[in-house]
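Worksheet for the structure shown next.
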Amino acid sequence: MREEWKRRQEEWVKEKKIMEERLNELETKEEQMEMMIARMKQLERKDDERERRERRNIIMKGEGIPTEGSPKEIIKQTLRQELQIEADIEDAYWIKREQSRRMLVAKLRSWQQKKEILIKKSKMKGKKLYIDNDLTKKERDVQKEITGIARTKREQGWEVKIGYKKLIANGKTFIWEQEEGMKEINFRNKQRPTQTKAGETRNG
Numbered sequence: 001m002r003e004e005w006k007r008r009q010e011e012w013v014k015e016k017k018i019m020e021e022r023l024n025e026l027e028t029k030e031e032q033m034e035m036m037i038a039r040m041k042q043l044e045r046k047d048d049e050r051e052r053r054e055r056r057n058i059i060m061k062g063e064g065i066p067t068e069g070s071p072k073e074i075i076k077q078t079l080r081q082e083l084q085i086e087a088d089i090e091d092a093y094w095i096k097r098e099q100s101r102r103m104l105v106a107k108l109r110s111w112q113q114k115k116e117i118l119i120k121k122s123k124m125k126g127k128k129l130y131i132d133n134d135l136t137k138k139e140r141d142v143q144k145e146i147t148g149i150a151r152t153k154r155e156q157g158w159e160v161k162i163g164y165k166k167l168i169a170n171g172k173t174f175i176w177e178q179e180e181g182m183k184e185i186n187f188r189n190k191q192r193p194t195q196t197k198a199g200e201t202r203n204g
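Dropping the structure here:
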């Protein structure tokens, strides 16, 4: 009886050791996977930053954009009048010419001049004319998703405003989270986004 108990105890010790080794192996693999995912995200962020730096494009939009003349001349004249900048533009073209959705893209010859324009663009506040940084593909995909959510909300009767990775609907502010999409910010409690999703239908 004692020998049987001793044998079972030894088997249990061996089995426990095997289980601990397997758990340690799983934990190591999980840690390696987490490190790999974190590294991939870091590389993606660096790639986005590099792409944004290398892109010398700006977007001009609004019904205040004139339509007479070539796209290049329109942008040069507008920057001269509104921001007192003599822009050296490599290329320019229309995206949309409808009055309420006019949009032009201009490629500048230097990143420094693009930076100067983006710094001074606040002078145009209050006018029906806007200048934005050209977005990376990932950012354009995000903005497209936000625009779709905004369209749905407007159809439901909500008052909606769109920003960069941000949406304001009926006074509620939502921001885009990389992993989970749109999340509501609770300013009253000064918390980061709550679990409320902008894509969900809520009363009020």
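Each residue of the sequence shown is one higher than the one before, counting from 1 in full-length UniProt numbering. Glycine residues also receive a C-beta, built at the ideal position from the N, C-alpha and C atoms. All values reported here derive from a predicted model rather than from experimental measurement.
Applying the 10 Å Cβ sphere with the 16-neighbour rule, what's the burial state of residue i?
i	result
GLU159	exposed
LEU26	exposed
LYS190	With a pLDDT of 43 at LYS190, under the threshold of 50, the modelled position of that residue is not reliable, and the figure given next carries that caveat. The residue in question, LYS190, is exposed, as its Cβ has fewer than 16 Cβ neighbours within 10 Å.
LYS138	exposed
LYS76	buried
ILE149	buried
Determine, using beta carbons only, whether residue i and residue j come nearer to each other than 8 Å.
i	j	result
LYS107	ASN57	yes
ASP88	ARG55	no
LEU79	ILE117	yes
Please report how far the alpha carbon of residue i lies from the alpha carbon of residue j, in whole angstroms.
i	j	result
THR152	ILE146	10 Å
PRO66	LYS123	18 Å
LYS161	GLU30	41 Å
ASP132	MET19	57 Å
LYS61	ASP141	19 Å
TYR164	GLU177	12 Å
THR136	GLU44	12 Å
ARG7	ASN24	26 Å
residue 214	THR28	Residue 214 cannot be examined here, being either before or after the span of the chain that is shown, 1 to 204.
LYS144	LYS115	25 Å
Which residues in the same chain as residue i place their Cβ atom closer than 7 Å to its Cβ, once the five residues preceding and following it in sequence are excluded?
i	result
GLU63	GLN99, SER100, ARG102, LYS128
TRP94	PRO71, LEU104
SER172	It should be pointed out that residue 172 corresponds to Lys in this sequence rather than to Ser. For LYS172, where only same-chain residues beyond five positions count, the Cβ hits under 7 Å are GLU184.
Looking only at its own chain, which residues have a Cβ that is under 6 Å from the Cβ of residue i, when we skip the five neighbours before and after it?
i	result
ILE168	LYS161
GLU90	LYS107, ARG109
Can you name the residues that DSSP bridges to residue i?
i	result
ILE58	ALA106, ASN133
TRP94	LEU104
MET182	TRP176
LEU79	DSSP output for LEU79 lists no bridge partner at all.
ILE168	LYS161, THR173
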